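Protein chains in written order, with this note's numbering: chain A, 1 to 220; chain B, 221 to 440. The block underneath contains the structure these notes are about, expressed in structure tokens.
Number of protein chains: 2
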Amino acid sequence: MSAAPPHDPTLPAERSDGDASAAADPLRRRVLDASLVVVERDGVAGLSIRAVARAAGVSHQAPYKHFENREEILATLVAEGFDGLADALEGAATAGDGVARLGAAGRAYVQWAVAHPGSYRLLFRPDLVSATHPEVQRAGGRALDVLRTVVAAMVDDGVLYGDYAEPVLVLAWSTVHGLASLLIDGPLPLRGGALDADALIADVPARLAAGIAARGWTTG
Amino acid sequence: MSAAPPHDPTLPAERSDGDASAAADPLRRRVLDASLVVVERDGVAGLSIRAVARAAGVSHQAPYKHFENREEILATLVAEGFDGLADALEGAATAGDGVARLGAAGRAYVQWAVAHPGSYRLLFRPDLVSATHPEVQRAGGRALDVLRTVVAAMVDDGVLYGDYAEPVLVLAWSTVHGLASLLIDGPLPLRGGALDADALIADVPARLAAGIAARGWTTG
DNA sequence: GAGAGGGGGTTGACAGTGTCTACCTCGCCA
DNA sequence: TGGCGAGGTAGACACTGTCAACCCCCTCTC
Numbered sequence: 001m002s003a004a005p006p007h008d009p010t011l012p013a014e015r016s017d018g019d020a021s022a023a024a025d026p027l028r029r030r031v032l033d034a035s036l037v038v039v040e041r042d043g044v045a046g047l048s049i050r051a052v053a054r055a056a057g058v059s060h061q062a063p064y065k066h067f068e069n070r071e072e073i074l075a076t077l078v079a080e081g082f083d084g085l086a087d088a089l090e091g092a093a094t095a096g097d098g099v100a101r102l103g104a105a106g107r108a109y110v111q112w113a114v115a116h117p118g119s120y121r122l123l124f125r126p127d128l129v130s131a132t133h134p135e136v137q138r139a140g141g142r143a144l145d146v147l148r149t150v151v152a153a154m155v156d157d158g159v160l161y162g163d164y165a166e167p168v169l170v171l172a173w174s175t176v177h178g179l180a181s182l183l184i185d186g187p188l189p190l191r192g193g194a195l196d197a198d199a200l201i202a203d204v205p206a207r208l209a210a211g212i213a214a215r216g217w218t219t220g
Numbered sequence: 221m222s223a224a225p226p227h228d229p230t231l232p233a234e235r236s237d238g239d240a241s242a243a244a245d246p247l248r249r250r251v252l253d254a255s256l257v258v259v260e261r262d263g264v265a266g267l268s269i270r271a272v273a274r275a276a277g278v279s280h281q282a283p284y285k286h287f288e289n290r291e292e293i294l295a296t297l298v299a300e301g302f303d304g305l306a307d308a309l310e311g312a313a314t315a316g317d318g319v320a321r322l323g324a325a326g327r328a329y330v331q332w333a334v335a336h337p338g339s340y341r342l343l344f345r346p347d348l349v350s351a352t353h354p355e356v357q358r359a360g361g362r363a364l365d366v367l368r369t370v371v372a373a374m375v376d377d378g379v380l381y382g383d384y385a386e387p388v389l390v391l392a393w394s395t396v397h398g399l400a401s402l403l404i405d406g407p408l409p410l411r412g413g414a415l416d417a418d419a420l421i422a423d424v425p426a427r428l429a430a431g432i433a434a435r436g437w438t439t440g
């Protein structure tokens, strides 16, 4: 991980010049970028408003001029996270038939999660960010729609009966979310053993797609 | 373990009698039970040591006489949670061939998680409880071993090639963990729509088991 | 029986947190 | 020129986890 930030939010430090870009890059953006730096560096537990303010080089109250409260900051991060995830899925699920696209999308999903563990963890933390927040709903729905489109392609391909599209969507999402979650946070001895994360990321989505396409899913 | 049920913990209030069971039910147990009550009622966010102490009717420092720090309390809860989950899995995966047992275990897994959302969330929170805690490792490994045994039965049945046992274990665990996680915390519009949680809990593990058993998993 | 020791409880204090409130300081516009 | 609001500041409050000091009472030893 090291210095490589998620959306490459490098901490802008203090801008020495007070040029026009200061207006185009107001503290709101600085706060969000600093939040990403902090959450990837110190984890969700270290993501306090005051730590973010310190990282952004402002007083502990400055963020409140741009966000109503802590949750609104986190909700914005979550929305941007889902957008980044959706972008990754869209970029991956472009070529081939439905099965191939599902495998590719699943791989991209887990890869994105593992590459941005701090952000990814934030996506599924309703205790921190209400699931009903409009921006979270929008961005999350966008990511889900990519998977939905891929599953729909499998229905079009005839490898999946239409009535199973939504349950299979849940199965697919569950699998990639579960794998990502276990790879990032898994308390059990998965790693270090015979299992290799890269192999799992490549393998599990492909096998999931193949398994879904196998007989049994078109009839019942 | 004794009189206090690990799940369905009702707050014992103040014992009016100072009988012998007071020695068998010391504050340590009361703190854990109060923690479960608090986490199921107020979520992980509300699970502070002081809130637990208040719920147990003691001073804010009393818990520290039985646990080194907050993490040790939470680690104990996590270990008990994994034990409860393992019990549920063991109780479910008893009858039928490997495929049937995998479906039953998967169903039991998700049912347990949905029945104990506060506890379940705690199981995958390494920011709160270190994954390397010995008791967490033991209990978590126990739960995983139940699934491992079931997958091994599928290998014995000949529906799964032995080399795939461990990846399929990950797939199965990912799926049930992902489904449980999404049902509990999913920020996206899964519920309220055409999807019914009970149906998913019954359906997804069964389809997962059937999908694994389908052709493609025995050869590669 | 006397007294030492300690297990298990208490209160007090500290730094850290989110957030409310009040204040200051600009640039802008009438 | 003067008002005003956007966007920054510091201070204060209640809350948190945890360290330290204290105190009560049971038990063991002499």
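Heads up, the beta-carbon is just placed ideally off N, CA and C, and yes, glycines get one too. This one's a predicted model, so the numbers in the text were calculated from it and none came from an experiment.
Compare the Cα-Cα distances from residue i to each of the options and report the closest residue.
i, options, result
"L389 (chain B)", "B:L403, B:P425, B:A419", "B:P425"
"T132 (chain A)", "A:L85, A:Y64, A:E71", "A:E71"
"L74 (chain A)", "A:V99, A:L122, A:A210, A:D87", "A:L122"
"H66 (chain A)", "A:G103, A:P26, A:V136, A:R101", "A:P26"
"G91 (chain A)", "A:A197, A:L147, A:P117", "A:L147"
"L420 (chain B)", "B:P354, B:L252, B:L399, B:A254", "B:L399"
"V349 (chain B)", "A:S35, A:A34, A:A45", "A:A45"
"G140 (chain A)", "A:D83, A:A51, A:D198, A:I212", "A:D83"
"H116 (chain A)", "A:A56, A:E68, A:S35", "A:S35"
"W173 (chain A)", "B:W393, B:A392, B:L402", "B:L402"
"D87 (chain A)", "A:G57, A:G43, A:A143", "A:A143"
"D127 (chain A)", "B:L252, B:D253, B:G263", "B:G263"
"D156 (chain A)", "A:Q137, A:G96, A:A55", "A:G96"
"L380 (chain B)", "B:E355, B:P354, B:A433", "B:A433"
"D145 (chain A)", "A:A93, A:N69, A:V58, A:F124", "A:A93"
Please tell me whether residue i has its Cβ less than 8 Å away from any Cβ of chain B.
i, result
"V44 (chain A)", "yes"
"W173 (chain A)", "yes"
"S48 (chain A)", "no"
"R207 (chain A)", "yes"
"I201 (chain A)", "no"
"P117 (chain A)", "no"
"V38 (chain A)", "no"
"S181 (chain A)", "yes"
"V114 (chain A)", "no"
"G162 (chain A)", "no"
"G84 (chain A)", "no"
"P167 (chain A)", "yes"
Determine the contact status of residue i and residue j, defining contact as a CB-CB distance below 8 Å.
i, j, result
"L267 (chain B)", "V257 (chain B)", "no"
"V114 (chain A)", "I49 (chain A)", "no"
"Y109 (chain A)", "L77 (chain A)", "no"
"V176 (chain A)", "G103 (chain A)", "no"
"P283 (chain B)", "A273 (chain B)", "yes"
"G211 (chain A)", "G431 (chain B)", "yes"
"A429 (chain B)", "V319 (chain B)", "yes"
"R207 (chain A)", "L391 (chain B)", "yes"
"A56 (chain A)", "R101 (chain A)", "no"
Residues in the same chain with beta-carbon distance under 6 Å from residue i, minus the five sequence neighbours each way, listed in chain order, please.
i, result
"V371 (chain B)", "A385, V388, L389"
"T149 (chain A)", "none"
"S339 (chain B)", "G301"
"H60 (chain A)", "R50, A53"
"A197 (chain A)", "L183"
Cβ of residue i less than 8 Å from any chain A Cβ?
i, result
"S255 (chain B)", "no"
"F287 (chain B)", "no"
"L297 (chain B)", "no"
"D347 (chain B)", "yes"
"L410 (chain B)", "For L410 (chain B), the predicted structure reports a pLDDT of 48, less than 50, and the residue's modelled location is therefore unreliable. A value from the coordinates is still provided. Yes, L410 (chain B) lies at the interface with chain A (some Cβ there is under 8 Å from its Cβ)."
"D405 (chain B)", "yes"
"G301 (chain B)", "no"
"V366 (chain B)", "no"
"G398 (chain B)", "yes"
"I293 (chain B)", "no"
"V379 (chain B)", "no"
"V390 (chain B)", "yes"
Near residue i, which residues of its chain fall below 8 Å by C-beta distance, leaving aside the five closest residues on each side in sequence?
i, result
"R358 (chain B)", "A299"
"Q111 (chain A)", "A88, I201"
"V32 (chain A)", "For clarity, residue 32 (chain A) is Leu in the given sequence; the question names Val instead. Contacts found: P9, I73, T76, L77, E80."
Practice problem: Mind checking the region 350-362 of chain B against chain A and listing, in chain order, the residues whose C-beta falls within less than 7 Å of any C-beta there? | Solution: A351, V356, G360, G361
Quiz item: If contact means a Cβ-Cβ distance below 9 Å, which residues of the region 309-327 of chain B contact chain A?
Solution: none
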